[in-house]
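Peer 1: Below: one structure in structure tokens.
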Amino acid sequence: MRFFDPQGEEYGIPTFPRKLAPEGLATRRQLRSKGLRPNGQPVIAQILWLGRRDPLTRVRPVRAAYLYRIDLAAPVRPMTPGRTRAVAAMMRARRTCPLCAVTFPYVIPTSLGCCPGCADYPTTALAA
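In the working numbering, the protein residues as written are 1354 to 1481.
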């Protein structure tokens, strides 16, 4: 097994292949699904696996997921009214076009930097 290093001699911290992590450890996503957060504890171990092959370089990158102790995890902090307002303001800023100042029901693509209407305007203005 390529990524099996429970003592951490090769990778610096205990390392396991996918689906072979010991009981009592979980990734951030697994903690979140249980309503927990790492609570500032350090990374205890990691899971390594080969990712999908890049079609251009034909290289399979090594992916990593860090593991935390479940018994040291704390409950997720509840959403307060202030945090709810802050998230709403952040999302409103992502939905507002900086050029025409219209707020859309969807997030504006970062590749355009503005709404699709404003992004198409220079090309239609030049064509006319």
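Glycine residues also receive a C-beta, built at the ideal position from the N, C-alpha and C atoms.
#1: What does a CB cutoff of less than 8 Å around T1477 pick up in its chain, not counting 5 residues either side in sequence?
#2: Just to confirm the assignment, what range does the beta strand (DSSP E) spanning C1417 have?
#3: What distance in whole Å lies between the Cβ atoms of Y1421 and L1378, which are believed to be in contact at a cut-off of 8 Å?
#4: Using DSSP with H/G/I as helix, E/B as strand and the rest coil, what is T1437?
#5: For a test of the three-state rule: what should DSSP assign to Q1383, helix, strand or coil?
#6: Give me, in chain order, the residues of the same chain whose beta-carbon lies closer than 8 Å to that of Q1360; leave out the 5 immediate sequence neighbours on both sides.
#7: Suppose you measure from the CA of R1447 to the CA of M1432; what does that come to, to the nearest Å?
Peer 2: In this structure, then:
#1: For this step, residue 1477 is matched to residue 124 along the sequence shown. Unreliable placement is indicated for T1477, whose pLDDT of 48 sits below 50; the coordinate value is still reported in the next sentence. None.
#2: For this step, residue 1417 is matched to residue 64 along the sequence shown. In the sequence as displayed, the identity of residue 1417 is Ala instead of Cys. Note, A1417: beta strand (DSSP E), 1415-1422.
#3: Here residue 1378 refers to the residue found at position 25 when the sequence shown is read from its first residue. Here residue 1421 refers to the residue found at position 68 when the sequence shown is read from its first residue. That pair is a contact at about 7 Å.
#4: Here residue 1437 is taken as the residue at index 84 of the sequence shown, counted from 1. The answer is helix: DSSP assigns T1437 an H, G or I state.
#5: Here residue 1383 is taken as the residue at index 30 of the sequence shown, counted from 1. Q1383 falls in the helix class under three-state DSSP.
#6: For this step, residue 1360 is matched to residue 7 along the sequence shown. Cβ within range, chain order: P1367.
#7: If you number the sequence shown from 1, residue 1447 lands on position 94. If you number the sequence shown from 1, residue 1432 lands on position 79. Near 21 Å, if we compare the C-alpha coordinates of M1432 and R1447.
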